[in-house]
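Counting from 526, one number per residue, gives the positions in the sequence shown under our numbering.
A virtual CB, placed ideally from N, CA and C, is assigned to each residue, including glycine.
Data block below; observations after.
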Amino acid sequence: MLEQLKKEVYEANMLLPKHHLITFTWGNVSGIDRESGLFVIKPSGVEYDELRPEDMVVVDLKGNKVEGEYNPSSDTATHMVLYNRFPGISGVVHTHSPWATSWAQAGRAVPCYGTTHADYIYGEIPCVRNLTKEEIEEAYELNTGVLIADDFDANHRDPIATPAVLCKNHGVFTWGTSAYDAVHNAVVAEECAKMAAWCEMINPDVKPAPQELQDKHYYRKHGANAYYGQTKK
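Given below as structure tokens:
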């Protein structure tokens, strides 16, 4: 079942250690088949050097395991909520990558200080609040997804334009048009978090890049009038 998607999700998971986004098993990637309403996710706690494509677990949009030898990632419920609430996405990544997680542990959004950030993520990388004691005890992973989605709704954030979020004292989630695209956005988020931290070390009084510059760089790559890259003939 979904053998091609399993292969794609496996390959996307293997990019996490390649890009130094994880240590040990501190991360996971999933990808969804929107036609069937099923998604594929890394199994929980399995070492990356032991993973195989056939180890990927198939889950439905209610969080039920449909196929797989192993239990799905412990973060499966978060992925499930994001797929349900953000219908335009087809891949989700969670990591504890050091720079992005440092901002999350500090409880701070990552400001957009330059065009590298603006090329890929519109505005800051937001940081959502802690879950309450009750939310943690009730359904920690599910409520993490609900918190992210509710924050995006409340602040009128477009999840396609802002494909990354920090969870306070926890880590980073990113998403995209595929499992690979979600990993790409995780790499971007980590690099932007690193550059922002260095930027504040160099100049503690730094301000975000001018909005007109942010807009120029974002919209030349995204939207109806984008012109970055090659045009197909």
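Mind checking who A625 pairs with in its DSSP beta bridge?
According to DSSP, A625 bridges with nothing at all.
Residues near V671 in its chain [Cβ-Cβ closer than 7 Å; skip 5 each side]
V606
Can you give me the Cβ contacts of P684 inside the same chain, cut-off strictly under 6 Å, excluding the 5 residues immediately before and after it?
Only F611, F677 meet the Cβ criterion.
Would you tell me roughly how many angstroms separate the C-alpha atoms of E592 and L530, rounded to the nearest one?
Their backbone Cα atoms lie some 13 Å apart in a straight line.
Counting pairs of Cβ atoms below 8 Å between the region 574-588 and the region 734-751, do you hit three or more?
They do not touch, by the three-pair rule.
Compute the beta-carbon to beta-carbon distance between A602 and E666, rounded to the nearest angstrom, for a pair I have assumed lies under 8 Å.
4 Å
To the nearest whole angstrom, what separates the beta carbons of I566 and P597, a pair I think is in contact under 8 Å?
5 Å
Around the C-beta of P729, are 16 or more other C-beta atoms found within 10 angstroms, so that it is buried, or is it exposed?
exposed
Once you ignore the five residues that flank A490 on each side, which residues in its own chain have a CB closer than 8 Å to its CB?
A question about residue 490 goes unanswered here, because the residues of the chain that appear run from 526 up to 758.
Are the region 615-624 and the region 649-658 in contact at 8 Å, needing three or more beta carbon pairs?
Contact fails: fewer than three Cβ-Cβ distances are below 8 Å.
Taking one C-beta from the region 705-716 and one from the region 537-555 each time, how about it: are there three or more such pairs within less than 8 Å?
Yes: the two stretches touch, three or more of their Cβ pairs being nearer than 8 Å.
So within the region 639-724, which uninterrupted beta strand (DSSP E) runs reach at least 3 residues, ignoring any that extend past its ends?
Complete beta strand (DSSP E) runs here, min 3: 689-692, 696-701.
Return the CA-CA distance between N609 and P735, expressed in angstroms with no decimal places.
34 Å
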